[in-house]
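Numbering (the numbering used here), first residue to last: 826 to 1470.
C-beta atoms are modelled at their ideal positions from N, C-alpha and C, and glycine is treated no differently.
Note that the coordinates shown come from a computational prediction; the quantities given were computed from them, not determined experimentally.
One structure below.
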């Protein structure tokens, strides 16, 4: 065992020199000789040490990814594309402190979070939705550029970007049966592959940039975070620019934009962070982003190609969306064959014809957009406005700028509706995909959400590809989904215009479906960021008899939405707060969330029950009414003082 310990320490030192420092001190032959000796000892003893390099070999395929909740939430970054937006970011920061900034490369890969306890590597997870990710420990163990043991002995979460170097990808593609198009998709496919041997074959690595959680001690700056990571053997990219002001930040961004084409890693921007951690705590977070950091995204790539055809897609609301079918073109490391158009008016405005050349843009890995026709505007065939649904032949209804299929049983409408219903932020039915909905539409006449909860084994046993285990897993997932957060249930219903955030805001205002369904349009419109149009959509949805009966049927089949416990303690405990006017450092919804998280209730109108009004610039009638009623009024500065207290 002593010799095993000695060999593990020596081999890990050599691996650190090779994979992290890029400065090996021994030959490959010498490393292999010691590795083989260790492997033989482990086979003889029947044991291996927790940090043995032999654990980094890709093992057998796993059946599925399990979920893991991060100790601290992992946030994404707000984005900027102009220097004016960077200056606005700087202005917001300077209201709190006199900052210094750090600027780093923004790598285009897959976010990974590693957990350590008592100096030992425990697990690796993807970012997921920021709260819960997928456990990819088996895959990440094949990566040799991170330590299995560290000197820090508390509980630790470190965050990094899994990447595949461009040279590694090129070498892989030279012998691959199916070449990979770009480094980002290659690394995402490697890490999120159920077979760790595929991960190992693609040779990903991780570049670390953040300490997400530490149980003992603290770090006071971004520079300190990088120093901590390096001291504990984590690989970082050797560029971290410290900037005294926004002009120096711009210079660093310009430097990265020039140099990014010379490095061996795919990048799509720069990351700007407030260096001092103590001020980060004051600035806090929005629902999605830290207020103390921002990404600067470089200009999207564009290309010219032939528009071969226009196909009309039908979504869950019945809206028809045109999709351009293109002659394949390489753009941003991907082969692009399709691009979006918004509606028929978009086609006319951009002078799009079938058979013409078009300019397309691809940004942030999303489906490319057709910007407009290029060259002779008379070339090609005019795109006709459809009169009938291309799927069910129903007469098309035109509402404003959009076309709709009115048939609620139209195949693509039903399939899209179920895909939305079952997704992670809805009912979270694991294993239920758009492909599953497509199959069940034909085989079991799946039409209503409640049909899902009446499925049994006999309904599924004769469907091709549905073996006993798959049937059991699907039925179990459907059963498990019955216990669902009220906000997720609202989102799953697919009300037009009601996304994830709006669903959460609605659930905070109304405690259950009865309160929501009986709410007036005015009450709904008072919810931050809802507005009159979405409020009307919600009201009409619940007024529809068929929708109401379907919800009742879901409840009768055991679907039970629950409301999460709201914050009861904080500086706004017991307060009924009205927000009026515009705030410079917060959107209305951000301020509302802060108040509710600190125990308050945000209401839409001033009344005798209102206890506090937060008045921003250009506050109007609500402020006047609050003065008449003698309600306590504070401005944004006083609001921030309360938060800081």
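Within the same chain, Cβ atoms closer than 6 Å to the Cβ of residue 1278 are found at 1382, the five residues on either side in sequence being excluded. Cβ-Cβ distances below 7 Å link residue 1184 to 1127, 1129, 1196, 1197 and 1199 in the same chain, with the five nearest sequence neighbours on each side left out; the list follows chain order. Sequence-distant partners of residue 1058 (beyond 5 residues in either direction) whose C-beta falls short of 7 Å from its own C-beta, in its chain, are 841, 845, 972 and 975. DSSP, read as helix, strand or coil, puts residue 1270 in coil. Between the stretch 981–997 and the stretch 1083–1097 there are three or more inter-stretch CB-CB distances shorter than 8 Å, so the stretches are counted as touching. Per the DSSP secondary-structure output, residue 1117 pairs with nothing in a beta bridge.
Per the C-alpha coordinates, the member of 1292, 1362 and 1251 positioned closest to residue 1307 is 1251. With contacts defined by Cβ atoms closer than 7 Å, residue 877 and residue 833 form a contacting pair.
Runs of the alpha helix (DSSP H) spanning 4 or more residues and lying entirely within the stretch 1157–1216 occur at 1169–1174, in chain order. Taking C-beta atoms as the reference points, residue 1299 and residue 1256 count as a pair closer than 7 Å. Short of 7 Å from the beta carbon of residue 1315, and not among the five residues preceding or following it, lie these beta carbons of its own chain, in chain order: 1323, 1328, 1331 and 1332.
Under the 10 Å beta carbon count, residue 984 is surrounded by 16 or more other beta carbons and is classified as buried.
By the Cβ criterion, the stretch 1132–1146 is in contact with the stretch 1213–1224, since at least three pairs of Cβ atoms, one from each stretch, lie closer than 8 Å. Residue pairing of residue 1223 in beta bridges, as defined by DSSP: 1228.
A straight-line Cα-Cα distance of about 44 Å links residue 1187 and residue 1438. Per DSSP, the unbroken alpha helix (DSSP H) holding residue 829 starts and ends at 827–840.
Look at residue 1424 here: in three-state DSSP terms it is coil, with no helix or strand label. Counting C-beta pairs closer than 8 Å gives fewer than three between the stretch 1023–1042 and the stretch 1067–1076, which falls short of the contact rule. In this structure, the straight-line span from the alpha carbon of residue 1399 to that of residue 940 is close to 38 Å.
Under the DSSP assignment, residue 894 falls outside any alpha helix (DSSP H), being part of the beta strand (DSSP E) whose first and last residues are 892–894. The beta carbon of residue 892 lies closer than 6 Å to those of 957 in the same chain, with the five residues before and after it left out. Nearest neighbour of residue 1289 by Cα position, chosen from 1018, 1275, 1265 and 1272, turns out to be 1265.
At a Cβ-Cβ threshold of 7 Å, residue 1401 and residue 1435 count as neighbours. For residue 936, the uninterrupted beta strand (DSSP E) segment begins and ends at 935–942. Looking from the CA of residue 1235, the closest CA among 1226, 1221 and 1247 belongs to 1221. DSSP, read as helix, strand or coil, puts residue 1385 in strand.
The DSSP-derived three-state label of residue 1240 is helix. Under the three-state reduction of DSSP output, residue 1060 falls in the coil class, being neither helix nor strand.
Between residue 1423 and residue 1397, the gap from beta carbon to beta carbon is short of 7 Å. Between residue 952 and residue 899 the beta-carbon gap is near 5 Å, inside 8 Å, which marks them as a contact. Taking C-beta atoms under 8 Å as the contact rule, residue 1048 and residue 1100 qualify, at a distance of about 6 Å. By the Cβ neighbour-count rule, residue 1425 is buried, with 16 or more other Cβ atoms within 10 Å of its own. CA-CA distance, residue 1077 to residue 1062, rounds to 15 Å.
From the listed residues 1025, 919 and 1081, the smallest Cα separation to residue 970 is found for 1025. Annotation: the continuous alpha helix (DSSP H) that includes residue 911 extends over 908–919.
Going by DSSP, residue 984 is part of the beta strand (DSSP E) stretching over 980–988.
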